[in-house]
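To keep things clear, I will list the structure first and then write my remarks on it.
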Amino acid sequence: GRRAGTENVIFDVALGKEIYAIADHTAPVKALAYLGDNRSLISAALDKTARFSDVAVIALLDAHAGGVADVAFNNTGAQALSGGMDKTVKVWDPQTEREILNLRGHTLFCHGLASSPDGLRLASAGKDGTIRIWDATPVKDDEGLESITCKHDYEVWSVEFSPDGGHLASTGAYLRSSSLGDLTVRI
1406 GRRAGTENVI
1416 FDVALGKEIY
1426 AIADHTAPVK
1436 ALAYLGDNRS
1446 LISAALDKTA
1456 RFSDVAVIAL
1466 LDAHAGGVAD
1476 VAFNNTGAQA
1486 LSGGMDKTVK
1496 VWDPQTEREI
1506 LNLRGHTLFC
1516 HGLASSPDGL
1526 RLASAGKDGT
1536 IRIWDATPVK
1546 DDEGLESITC
1556 KHDYEVWSVE
1566 FSPDGGHLAS
1576 TGAYLRSSSL
1586 GDLTVRI
């Protein structure tokens, strides 16, 4: 039988019917992202894995100790991103399933990811109240270069680049304030 929250269910929007289910996670799934090819899917779960899925092929990445909180593809599909409970952001090559970058800087887990439209930068949102903007290309080996850190008064849940890449929107939960505050970072 099915275990609630541990599978990715694909629905046909026009028919409103389930057409495919991937039931390989052993803990609840926290995030999903489609690649532009309409076939490739990456999912993040608390079983410490990120999974690349396709109708015929499934790849398992041992991605983050403690669990994977978010996943995303960059706009070209050449890179997949994962953020985890181990306070790191990782960049993966979906074709080879190899880790390209391991980005460290958050002091608590990372649970929001976005890639800039040009694919040159990525942003991560953390429980530590920071947004970190990274160079998406390796400096040496698997190290990335952090270019900007924005500090908020609250836990940041989600980030998204504007279509022109000039702004980054964020949202989260306020830790000590009930007012709204600035939700956009100009980059």
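Going by my numbering, the letters in the sequence shown line up with residues 1406 to 1592, in that order. Just so it is clear, CB atoms sit at the ideal spot from N, CA and C, and this is done for glycine as well. These numbers come from a predicted model, not from an experiment.
Using three-state DSSP, classify residue i as helix, strand or coil.
| i | result |
| --- | --- |
| Gly1488 | strand |
| Lys1556 | strand |
| Ser1529 | strand |
| Gly1577 | strand |
| Glu1504 | strand |
| Ser1563 | strand |
| His1430 | coil |
| Ala1436 | strand |
| Asp1467 | strand |
| His1511 | coil |
| Ser1582 | Caution is warranted here: a pLDDT of 38 is assigned to Ser1582, below 50, making its placement in the model unreliable, and the coordinate value is therefore given only provisionally. The answer is coil: DSSP assigns Ser1582 none of H, G, I, E or B. |
How far does the beta strand (DSSP E) with residue i in it reach, from first residue to last?
| i | result |
| --- | --- |
| Phe1478 | 1473–1478 |
| Thr1454 | 1454–1458 |
| Ser1448 | 1446–1450 |
| Asp1540 | 1535–1540 |
| Gly1517 | 1515–1520 |
| Asp1523 | Run containing Asp1523: none; DSSP gives neither H nor E here. |
| Thr1493 | 1493–1498 |
From this set, the options, which residue's C-alpha is nearest residue i's C-alpha?
| i | options | result |
| --- | --- | --- |
| Arg1503 | Ala1455, Ala1436, Leu1527, Lys1532 | Ala1455 |
| Gly1472 | Gly1482, Asn1443, Val1494 | Val1494 |
| Glu1560 | Cys1515, Gly1441, Trp1539, His1572 | Cys1515 |
| Asp1533 | Gly1524, Asp1491, Asp1452 | Asp1491 |
| His1557 | Lys1435, Gly1531, Trp1539 | Gly1531 |
| Gly1510 | Ala1428, Val1496, Ala1483, Ile1538 | Ile1538 |
| Lys1435 | Gly1441, Asp1569, Asp1452 | Asp1452 |
| Ser1520 | Ser1529, Thr1512, Leu1513 | Ser1529 |
| Ser1567 | Arg1526, Phe1457, Asp1540 | Arg1526 |
| Leu1440 | Val1476, Ile1505, His1469, Trp1562 | Val1476 |
Assuming the contact rule is C-beta atoms closer than 8 angstroms, residue i and residue j should be a hit. Round their C-beta distance to whole Å, please.
| i | j | result |
| --- | --- | --- |
| Leu1518 | Gly1488 | 5 angstroms |
| Ala1474 | Ala1449 | 6 angstroms |
| Ile1536 | Val1496 | Not a contact, Cβ separation roughly 17 angstroms. |
| Asp1569 | Pro1522 | 7 angstroms |
Checking contacts by CB at 8 angstroms: is residue i closer than that to chain D?
| i | result |
| --- | --- |
| Pro1499 | The chain inventory of the structure shown lacks chain D, comprising one protein chain alone. |
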